[in-house]
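Residue numbers (this note's numbering), protein chains in the order written: chain A, 3 to 91; chain B, 3 to 91.
Note that beta-carbon positions come from the ideal geometry of N, C-alpha and C, so glycine has one too.
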């Protein structure tokens with residue numbers, strides 16, 4: 003079994019209205035030093051196979067087709083082999 | 003200047019309907035090995051100060067008060083000193 007972590011971020015040139023909105027809240031609360039907040043996704047899941055190549059292929063396709071929007075987001079992933087209880091081997 | 007990265011995740015016992023929904027999509031697309039998808043947030047921003055203690059305090063408070071929901075989410079953060087163009091020192 004493998005544990006996968008995928009980080010999805012908007013490309014730098016794409017506006018991030020959610021980040022902007024949260025940062026306005028920061029200013030209202032008095033955090034005056036916070037700049038350029040950008041909010042992406044952090045996704046964790048398991049891939050139930052012992053074949054690392056297959057696991058990697060599924061993680062990549064899952065990220066491309068469902069977890070990210072290829073028009074405006076980039077993703078990076080990492081894969082670790084774990085035992086069935088989810089601990090690192 | 004410091005660059006901060008904050009990861010916000012739902013606590014393990016809290017249901018994640020968004021993750022469940024995406025995983026159903028995965029099954030429809032034929033990814034049969036994907037399990038327990040959970041979707042959190044990955045937040046990046048800068049803190050415009052040279053005082054590491056102040057930066058850390060702002061990152062923590064910002065995470066607690068705005069970036070996460072303390073009822074059902076946990077967060078972890080990391081801070082790196084960077085020069086003004088955003089590169090690691």
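(request) With DSSP collapsed to three states, give me the class of residue 15 of chain B. (result) In this structure, residue 15 of chain B counts as coil in the three-state DSSP scheme.
(request) Would you decide whether residue 12 of chain A is buried or exposed? Buried here means 16 or more other CB atoms lie within 10 Å of its CB. (result) Label assigned to residue 12 of chain A: buried.
(request) Taking C-beta pairs closer than 8 Å, name the residues in chain B that residue 39 of chain A reaches, listed in chain order. (result) Simply 45, 46 and 47.
(request) Check whether the region 39–46 of chain B touches the region 35–45 of chain A, counting contact only when three or more Cβ pairs, one atom from each stretch, lie closer than 8 Å. (result) Taking 8 Å as the limit for Cβ pairs, the verdict is that the region 35–45 of chain A does touch the region 39–46 of chain B.
(request) On a CA-only basis, which of B:28, B:67 and B:10 is nearest residue 33 of chain A? Give me that one, please. (result) Per the C-alpha coordinates, the member of B:28, B:67 and B:10 positioned closest to residue 33 of chain A is B:67.
(request) Spell out a yes or no on whether the region 68–78 of chain A and the region 11–30 of chain A are touching, meaning 3 or more CB-CB pairs, one atom from each, closer than 8 Å. (result) Yes: the two stretches touch, three or more of their Cβ pairs being nearer than 8 Å.
(request) Assign residue 52 of chain B to one of two classes, buried (16 or more other C-beta atoms within 10 Å of its C-beta) or exposed (fewer than that). (result) Flag for residue 52 of chain B reads exposed.
(request) Using the Cα positions of residue 30 of chain A and residue 84 of chain B, report the straight-line distance between them to the nearest angstrom. (result) Each residue's alpha carbon lies about 26 Å from the other.
(message) Beta carbons nearer than 7 Å to chain A: which residues of the region 24–38 of chain B have them?
(response) Cβ contacts with chain A come from 24, 27, 28, 31, 33, 35, 36, 37 and 38.
(message) Spatial neighbours of residue 69 of chain A within its chain, please: C-beta separation below 8 Å, excluding the five flanking residues on both sides.
(response) So the qualifying residues of the chain are 8, 10, 43, 45 and 77.
(message) Checking 8 Å against the spacing of the C-beta atoms, do residue 36 of chain B and residue 86 of chain A come in under that value?
(response) For the 8 Å CB-CB criterion, residue 36 of chain B and residue 86 of chain A do not form a contact.
(request) On the DSSP bridge assignment, give the partners of residue 6 of chain A in chain order. (result) A:47 and A:81, per the DSSP bridge assignment.
(message) Against chain B, does residue 82 of chain A count as a neighbour if the rule is that its beta carbon must be under 8 Å from one of theirs?
(response) Nearest CB-CB separation between residue 82 of chain A and chain B: not below the 8 Å threshold.
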